[in-house]
Structure formats: structure tokens, C-alpha cells
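**Q** Residue numbers (the working numbering): 24 to 273.
Backbone N, C-alpha and C define an ideal beta-carbon position, used for all residues, glycine too.
Below is a structure I'd like to ask you about.
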Ligand code: DGL
């Protein structure tokens with residue numbers, strides 16, 4: 024299987040990391056719209072337009088599947104993207120919701136959704152969780168986490184202060200949905216903040232869980248072909264990819 028992974032920038036590499044760990048694909052083609060990131064502060068129509076442009080980009084490759092690693096795009100543009108492509112498209116919101124309901128024992132569980140402003144405003148996670156009977160949900164836009172991660176601040180004082188700022192009025196959650204590509208990189212710090220009995224839902228792992236339910240994978244690809252594209256500065260994306268994914272030569 025040949026898969027395309029789309030994100031607004033570098034964050035979707037966290038999803039690629041999960042795909043690589045599970046050795047599901049023969050070839051992974053990553054496209055990050057680094058020229059126009061962040062999407063999380065843009066409006067619905069712009070996000071849909073960018074999503075459709077990504078579909079056009081992927082038409083250059085014969086893909087078996089497109090994974091939308093970006094939560095913001097998954098929250099707004101999946102239907103339109105599906106109408107305009109030739110292969111299946113899956114997104115992280117759907118996968119994250121399914122992973123959350125599988126991880127929780129009770130519908131009374133307290134769920135905290137973290138994401139960009141656009142993702143939180145879309146209510147995509149809340150509505151889907153409501154459909155499964157979960158109603159104790161809080162959501163918090165935590166946009167500052169994105170630049171902090173990009174500055175490689177994964178722990179320490181600044182991050183703790185940012186947690187205090189965002190979480191001061193939040194009920195202790197049973198599960199936190201890391202509803203943004205960047206947040207898995209600070210999952211240890213978020214886990215420490217809420218305590219070890221809080222479950223963290225990671226988009227990449229949720230996607231793998233959904234893929235393994237939906238498709239039959241007969242091979243394990245230990246050294247898949249990887250191609251990284253970006254709308255701006257692809258060299259910088261490749262160098263971050265080699266660091267985050269721990270691959271020497273890309
Ligand atoms: N990739 C985005 C997401 O997962 C975060 C960065 C952005 O705002 O574009 O929502």
C-alpha cells in the first residue's frame with residue numbers, strides 16, 4: 024500500500040512516526056503546507072480550499088489511501104476532500120473519537136479535548152462523542168502549544184506556566200484528546216500534569232488502530248520508501264523529519 028499523509032506543516036510527522044512504528048506501508052508520501060501554516064487560526068472556507076489543494080497535489084501519485092494528519096483539516100474539510108478524490112481518505116478526528124470511546128469504560132467519563140482554535144470551534148470532536156453518548160466534555164483551544172513545540176520546548180517552566188494558564192478552570196479529565204498534530208510531543212508533560220490515571224489519546228496511534236480494524240495488512244514493511252514534500256522550504260521539513268523520525272538520510 025502506498026499512502027499520502029497530509030498536514031498543514033511539520034506536525035503530521037507525529038502520525039508518520041506511528042505509521043513507521045507499525046510498519047504498515049510500503050511507501051509514505053508526506054505533504055506539509057509549510058508555506059501557509061498555521062491552519063488553526065483560519066476560517067472554514069480557507070481550510071476546505073487548502074484541503075482540496077492537497078487532494079490535487081496527491082493526484083500526482085497513485086495512492087491507495089490518504090491520511091489527513093491535521094486535526095484542523097480533519098475537522099472541516101474531510102467530506103469535500105472525499106468528494107474530490109479517487110482513493111479513500113481517513114482523518115484523525117474520526118480515529119481519535121473511536122480510540123477515545125474504546126479506551127473509556129463509562130459514558131460518564133470526563134473528556135478534555137485540546138486543539139487549535141479552529142478545531143475547538145468546529146465542535147467536531149464534541150458532536151461525534153455526543154453521538155456515542157459521552158456528554159461530560161470540555162474543550163480548550165491551546166494554540167500556544169504549537170509554537171512551543173516548534174521551538175522544541177517539551178518540558179520546563181514556560182510549558183508549566185502555559186498549562187496553568189489554559190487548565191486553571193478545567194476539571195480533572197479521565198481522557199485527554201491530543202487534538203493537534205504537535206501535542207504528542209508534549210504528551211509526557213501533559214500526562215504528568217493531569218496524573219497517570221488520565222488516558223491520553225494520540226492521533227497517530229488512533230489512526231493505526233483504525234487502519235488495523237478497517238484493512239487487512241499482510242506485510243510488514245521494515246524499510247518503507249519515504250518522500251517528503253512541502254509548499255515552502257522542503258529542506259527544512261526533511262531535516263526535522265530526519266530528527267523526529269530518527270532517520271539518518273532522507
Ligand atoms: N496541524 C494542525 C492541527 O493538527 C496544527 C498546526 C496548525 O494550526 O496548522 O490542527
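Relative to the ligand DGL, is the shortest distance from any of its heavy atoms to the C-beta of residue 170 smaller than 6 Å?
**A** It does not: the Cβ of residue 170 is nowhere closer than 6 Å to a heavy atom of the ligand DGL.
**Q** Which stretch, first to last residue, makes up the beta strand (DSSP E) that contains residue 163?
**A** That run of the beta strand (DSSP E) goes 160 to 164.
**Q** Hey, would you say the C-beta of residue 316 is under 6 Å away from at least one heavy atom of the ligand DGL?
**A** Nothing can be reported for residue 316: it is not among the residues displayed for the chain, which extend from 24 to 273.
**Q** Which same chain residues, not among the five before or five after residue 261, have their C-beta less than 7 Å away from its C-beta?
**A** Excluding sequence neighbours, residue 261 sits near 251, 273.
**Q** Just tell me which of 257, 70, 266 has its CA closest to the CA of residue 100.
**A** Of the candidates 257, 70, 266, the one whose C-alpha sits nearest the C-alpha of residue 100 is 70.
**Q** Is it the case that the CB of residue 60 approaches a heavy atom of the ligand DGL more closely than 6 Å?
**A** Residue 60: yes, Cβ under 6 Å from the ligand DGL.
**Q** From this set, 79, 113, 38, 94, which residue's C-alpha is nearest residue 64's C-alpha?
**A** Here the closest residue by C-alpha is 94.
**Q** To which residues of the same chain is residue 29 closer than 6 Å at the C-beta, ignoring the five residues directly before and after it?
**A** Contacts found: 54, 77, 91.
**Q** By Cβ distance, which residues of its chain are closer than 6 Å to residue 215, with the 5 residues on each side in sequence left out?
**A** None.
**Q** Who are the Cβ neighbours of residue 133 in its own chain at under 6 Å, not counting the five residues just before and after it?
**A** Counting only Cβ-Cβ distances below 6 Å, and skipping sequence neighbours, we find 159, 194, 196, 197.
**Q** If we count Cβ pairs, one from each stretch, closer than 8 Å, do we get three or more for the segment 234 to 253 versus the segment 122 to 138?
**A** Because the criterion of three Cβ pairs below 8 Å is not met, the segment 234 to 253 and the segment 122 to 138 do not touch.
**Q** Is residue 203 near the ligand DGL, going by C-beta to nearest heavy atom under 6 Å?
**A** Yes.
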